[in-house]
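Following: one structure in structure tokens, then a few remarks.
Residue numbers (the numbering used here): 4 to 701.
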């Protein structure tokens with residue numbers, strides 16, 4: 004249906020002159036065959052790949068998440084004694100109180116929050132050699148005081164105007180020669196050993212339920228940028244090697260049963276070059292790498308692993324247990340796209356790039372189309388490095404994010420990532436950070452770990468599952484040890500087309516039926532009608548959707564008399580904002596002149612005294628119970644920067660002759676002064692709809 008026809012039909016509907024049959028996710032699409040063999044490529048899936056960061060107790064419990072990480076730039080200079088931290092380049096290099104003077108309180112609270120959900124915390128130990136300090140009465144301090152170092156390009160004008168961003172206003176260059184002691188204290192390994200002892204005394208050793216994962220700092224090869232107020236020169240290979248060996252030894256002394264995690268490097272450049280070389284090359288046209296040259300032209304991380312291994316052979320004690328890096332998919336600025344896929348751009352170009360970019364996690368034939376311009380194959384690469392240079396290591400990705408978490412495109416990417424982690428044999432992963440529970444991405448994570456609200460999960464034994472084109476539709480299969488079920492996660496990434504999936508399953512005896520659970524742009528996990536599993540089962544999957552099949556085994560295992568599980572509670576149908584076919588643009592008209600977007604925020608053609616534009620949306624699944632009125636329908640707008648605005652819902656009326664479809668009239672917010680796309684979400688009794696956008700021009 005083209006745009007002209009959409010608007011014509013909408014106009015007729017609003018005027019009550021025709022009937023319309025709209026369907027969601029029913030666009031015609033290809034037939035896709037998924038080949039599954041439960042006897043091939045079998046291996047255990049480590050549940051620790053489903054970790055998160057900074058989650059609340061309720062989020063951890065609802066996501067059934069095994070790990071919760073405390074990390075990021077602010078952890079590099081956490082001072083456990085004063086319970087304060089310097090926020091580095093994240094926030095004007097300010098040293099701030101972290102919630103009171105009790106030593107270690109910030110992380111003790113984090114550990115308590117995590118353990119309350121029966122999850123394992125991961126805590127970052129600073130190794131940079133500096134920690135934050137506070138002023139009188141626990142006052143904040145700044146590393147780049149404007150009164151001391153002169154005018155700067157930016158400052159914390161609202162809360163601490165003297166705190167600059169460390170970039171001179173006169174020439175746009177970094178402030179240099181600052182006194183590191185302005186907002187920081189120089190500390191050594193014994194200072195952090197005191198914190199390790201505190202953690203063991205407070206929580207016990209790892210094998211007795213205490214803290215199991217000690218992370219050695221965060222993204223050290225870019226300290227020269229993120230922490231340039233105390234480490235303005237990028238660290239060389241030896242510096243990081245020596246710090247890791249020294250601090251790991253302190254962890255072993257405090258708790259021999261704990262696991263040491265690192266080096267937590269930031270991305271592709273941080274795998275290949277040391278911090279010194281990244282800084283040097285960046286200012287010399289990327290033409291020379293002196294630190295690399297001085298170390299036999301070896302890549303940085305393989306060299307580091309080999310050095311740690313040599314130390315272990317000499318000392319008889321491991322310096323590292325889990326080899327971890329960070330990964331954020333990059334965009335392609337040459338194509339006019341943002342520099343990272345870690346953003347909220349869901350244009351067709353970026354959405355398709357996001358869909359393809361997960362290949363960098365595994366595919367040896369995929370060249371990353373961003374500035375990376377390499378065949379990354381990240382998980383096999385990490386495994387190969389660990390096997391070659393430091394046998395016995397687990398491998399992990401402890402920061403990642405594919406962006407667009409408020410949109411179904413971000414959700415399908417997240418589901419794809421989870422599936423890849425399991426299939427490729429990753430040991431540990433923690434997403435940065437934890438999405439809001441109302442988002443499609445959160446629900447995509449829940450599809451793997453708690454799809455029915457009773458902690459039922461995707462299987463724990465990965466098996467062979469192949470598809471013809473994982474850029475448009477991917478699939479992952481795993482057997483579930485608890486009951487023998489075969490679980491199949493089908494992710495239709497296609498922006499416009501549904502697909503008819505044919506399942507070709509080998510070496511599995513089914514009981515004849517399968518549960519079907521689905522997440523679509525309607526933004527709710529829904530149990531559909533069970534399907535029959537015959538010799539060649541089929542299932543329809545909507546465009547941009549995640550579908551879980553739970554195929555019961557012919558013989559229940561492991562117990563002959565299983566305890567019946569309660570039936571899952573039916574999920575109420577969320578409202579659905581109808582969109583133009585193949586897009587997320589709302590089907591919308593100006594309420595006065597019945598024209599489509601772009602709209603003006605205000606218009607003199609509006610009869611109201613405020614002249615704010617009113618827009619008619621078509622919304623499905625809005626029903627009123629006895630005594631209810633339009634007040635149970637609310638709306639919210641979000642701009643391109645993520646700021647949210649309440650919308651006034653002025654009326655909700657059933658479309659004549661279409662009891663399932665409503666006209667919802669919303670008023671643009673007074674606060675909206677920007678141009679661009681306004682993303683709208685409707686809520687019915689608090690249950691959110693999909694997000695759809697309209698465009699606003701001056």
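For each residue, glycine too, the CB sits at the ideal point set by N, CA and C. Everything numeric in this text was worked out from a predicted model, so none of it was measured.
- Apart from sequence neighbours up to five positions away, the residues of its chain that approach residue 249 with a beta-carbon distance below 6 angstroms are 192, ordered along the chain.
- Here DSSP, grouped into helix, strand and coil, assigns residue 529 to strand.
- Taken in chain order, the whole alpha helix (DSSP H) runs of length 4 or more contained in the stretch 122-188 are 149-152.
- Inter-segment contact for the stretch 426-433 and the stretch 54-71 is present: three or more beta-carbon pairs are separated by less than 8 angstroms.
- For residue 418, same chain residues with a beta-carbon under 7 angstroms away, outside a window of 5 residues either side, are 447, 450, 492, 494 and 549 in chain order.
- By the 16-neighbour rule on beta-carbons within 10 angstroms, residue 318 is exposed.
- A buried status is given to residue 669, since no fewer than 16 other beta-carbon atoms sit within 10 Å of its beta-carbon.
- Cβ contact annotation for residue 442 (same chain, cutoff 7 angstroms, sequence separation greater than five): 408 and 409, in chain order.
- Fewer than three pairs of CB atoms, one per stretch, sit closer than 8 angstroms, so the stretch 283-295 makes no contact with the stretch 308-326.
- Restricting attention to beta strand (DSSP E) runs no shorter than 3 residues, the stretch 586-624 encloses them at 591-593 and 617-623, ordered along the chain.
- Nearest to residue 614 by C-alpha distance, out of 602, 625, 347 and 302, is 602.
- By the criterion of a C-beta distance shorter than 6 angstroms, residue 95 is surrounded in its chain by 159, 166 and 168, once the five residues flanking it on both sides are discounted.
- In the structure shown, residue 48 falls within a coil segment according to DSSP collapsed to helix, strand and coil.
- Here residue 680 is bridged, per DSSP, to 698.
- In this structure, residue 490 and residue 579 do not form a Cβ contact; the two beta carbons are roughly 27 angstroms apart against a cut-off of 8 angstroms.
- For the 8 angstroms CB-CB criterion, residue 543 and residue 503 form a contact.
- Considered as a whole, the stretch 306-371 harbours 325-330 as its complete beta strand (DSSP E) runs of no fewer than 3 residues, in chain order.
- If one requires a minimum length of 4 residues, the alpha helix (DSSP H) runs lying completely within the stretch 191-233 are 192-206 and 226-229, in chain order.
- When only Cα atoms are considered, residue 622 and residue 453 end up about 29 angstroms apart.
- Here the alpha carbon of residue 678 sits roughly 46 angstroms from the alpha carbon of residue 132.
- Relative to residue 237, the option among 226, 85, 245 and 247 whose CA is nearest is 226.
- Here residue 77 is buried. Its C-beta has 16 or more other C-beta atoms within 10 Å.
- When the beta-carbon positions are compared, residue 640 and residue 675 come within less than 8 angstroms of each other.
- Beta-bridge annotation (DSSP): residue 656 is paired with 666.
- If you look at residue 479, you'll find it in the beta strand (DSSP E) that goes 476-482.
- Your pair residue 216 and residue 323 does not check out as a contact, with CB atoms roughly 12 angstroms apart and the cut at 8 angstroms.
- No Cβ-Cβ contact shorter than 8 angstroms links residue 115 with residue 99.
- Taken atom to atom, the span from the alpha-carbon of residue 685 to that of residue 629 is near 21 angstroms.
- With distances taken between CA atoms, residue 128 lies nearest to 246 out of 294, 480, 462 and 246.
- For the options 211, 498 and 556, the alpha carbon positioned closest to that of residue 358 is the one of 498.
- Taking every protein chain shown into account, the CB of residue 336 has fewer than 16 other CB atoms within 10 angstroms, so this residue is exposed.
- Beta-carbon to beta-carbon, residue 294 and residue 240 are separated by about 6 angstroms, close enough to satisfy the 8 angstroms threshold.
- Between the stretch 180-194 and the stretch 136-155, the count of C-beta pairs closer than 8 angstroms reaches three or more; the two stretches touch.
- Residue burial annotation: residue 176 is exposed, with fewer than 16 other C-beta atoms found within 10 angstroms of its C-beta.
- Residue 35 sits in a strand when the DSSP states are folded into three classes.
- By a beta-carbon distance limit of 8 angstroms, residue 229 contacts residue 92. Their separation comes to about 5 angstroms.
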